[in-house]
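Residue numbers (the working numbering): 2 to 439.
We put the CB at the ideal spot given by N, CA and C, even for glycine.
The structure appears right after this line, and notes come after that.
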Ligand code: AMP
């Protein structure tokens, strides 16, 4: 059984991992870390929940520690591109946690926050920039960030970048990077365009895959409920009324739909909040924090807002509307059953949505069992165990990102003392050497 110390990571990082309660590397970490420490380019086929953030953050930090370079004004050594603001913040938090023993400066460069403040943060230079492509390009165009000293490029959730139309921006960013660099490319699925981008970007890459593309984790109990569009609210209310103190993530197709569903649930006495792109960044973060803390049991989200959100203990995902893009089904249900837990995914299918369901079943290569009786649906939900943990043997796709009881998540720990904008210092500031710039 591989341990972290077999992988060639420095002592300082091993100690941090031990403190974080990480006992063993996940499969993607065990495979990717030694290759990345050798400086190889990497093509990682892995969804969130597999431990891929540590798989790229740890070897990059180890290399930064090994070859410490002075900061250069308006420059960064590491550039991580993320499709969403929330994921960018999470990745930055992870770098700060994993790099706790090092003096690293991390900047989160995303839309929705002050450009001027970000420019100020970048002025003296940082080690790591975690960014969404649009805002990063703005800084590159304005000259507030130069990319000619960047030695590492990480492209995370490349398939989501494609969904969101970010590929042209990514290509423009890459043209500004030095040719001599290490490239890390992660995607949960490999549609043609993404395979093409990977071939363009990567230099003789190693390939590491931990979940077969587009195959939902087998530990998720999936059900389809055929329901008239006009009955969805009632069905959802019935379904959720039977569940107590559990985290449920509900997906809607539109922002207005998310608001409408959250309001209906609230009216029915079920605590719910909506999260979508029309909400301000503080509003989004407040909703997310309430959900994480368990104050709001139901989060109603659009795909873009929910992407990359790393929340454990979601026992049920409800697809109030089926997604237009069939691969999105896989990403959505993957929000439950994270970090070794199992979960339930219930998807509503209105008569007009039949073609969408067929497309999903084609992509997932399985027929999703239908539940027709609403009473049974409510029972189904009530019987669903609250994010039950799997034993040490782990699920079949080999993901064993388990944490010992009683220990907090590094992300949770990092998050505790920090507002979303990162203006507040972490509450462990006295012990920390890393500088937080977000
Ligand atoms: P990610 O796939 O990077 O979003 O990680 C999923 C979750 O697993 C995160 O909450 C990590 O903190 C956690 N995690 C990552 N690697 C390990 C590990 N080796 N042992 C325990 N937990 C881990």
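**Sequence-distant residues of its chain with Cβ nearer than 7 Å to residue 241 (five each side left out)** = 249, 266, 271, 299
**Prompt:** Which same chain residues, not among the five before or five after residue 326, have their C-beta less than 7 Å away from its C-beta?
**Reply:** 164
**Prompt:** Do residue 253 and residue 322 come within 7 Å of each other at the CB atom, strictly closer than that value?
**Reply:** yes
**Request:** Could you spell out the range, first to last residue, of the alpha helix (DSSP H) harbouring residue 332?
**Result:** 327 to 334
**DSSP state of residue 13 mapped onto helix, strand, coil** = helix
**Item:** Closest Cα partner of residue 316 within the set 221, 291, 102
**Value:** 221
**Message:** For residue 303 and residue 274, which I take to be in contact (beta-carbon distance under 8 Å), what is that distance rounded to the nearest angstrom?
**Reply:** Actually they do not touch by this definition, with Cβ atoms about 13 Å apart.
**Request:** Would you kindly report the start and end of the unbroken alpha helix (DSSP H) that includes residue 55?
**Result:** 53 to 67
**Three CB pairs or more closer than 8 Å across the segment 54 to 70 and the segment 27 to 37** = yes
**Request:** Please determine, among 184, 85, 232, the residue with the shortest C-alpha to C-alpha distance to residue 167.
**Result:** 85
**Request:** Assuming residue 195 contacts residue 230 (C-beta within less than 8 Å), just tell me the rounded distance between them.
**Result:** Incorrect: roughly 33 Å between the Cβ atoms, too far for contact.
**Request:** Whole angstroms is fine: what's the gap from residue 314's alpha carbon to residue 366's?
**Result:** 27 Å
**Asked** CA-CA distance, residue 146 and residue 255?
**Response** 35 Å
**Prompt:** Short check: CB of residue 1 to CB of residue 131, under 7 Å?
**Reply:** The requested residue 1 is not part of the displayed model; the chain covers only 2 to 439.
**Prompt:** Does DSSP classify residue 301 as helix, strand or coil?
**Reply:** strand
**Prompt:** Hey, would you say residue 47 sits closer than 7 Å to residue 211, going by beta carbons?
**Reply:** yes
**Nearest neighbour of residue 332, chosen from 351, 356, 361, 353 [CA to CA]** = 361
**Item:** Closer than 6 Å: residue 55 CB and nearest ligand 1 heavy atom
**Value:** yes
**Message:** In whole angstroms, give me the CA-to-CA distance for residue 349 and residue 228.
**Reply:** 6 Å
**Message:** According to DSSP, simplified to helix, strand and coil, what is residue 210?
**Reply:** strand
**Request:** Answer yes or no: the CB of residue 52 versus the heavy atoms of ligand 1, is any distance below 6 Å?
**Result:** yes
**Asked** Considering only the beta carbon of each residue, do residue 184 and residue 198 sit closer than 7 Å?
**Response** no
**Asked** Can residue 169 be considered in contact with ligand 1, in the sense that its beta carbon sits closer than 6 Å to one or more heavy atoms?
**Response** no
**Prompt:** residue 357 by DSSP, collapsed to three states: which one?
**Reply:** helix
**Request:** Please report the residue range of the beta strand (DSSP E) in which residue 105 lies.
**Result:** Where residue 105 is concerned, there is no enclosing beta strand (DSSP E), given that its DSSP letter is neither H nor E.
**Asked** Nearest-angstrom Cα distance between residue 264 and residue 223?
**Response** 26 Å
**Item:** Buried or exposed (CB count within 10 angstroms, at least 16 for buried), residue 176
**Value:** exposed
**Message:** According to DSSP, simplified to helix, strand and coil, what is residue 128?
**Reply:** strand
**Asked** When DSSP labels each residue in this structure, what does residue 184 get in the three-state scheme?
**Response** strand
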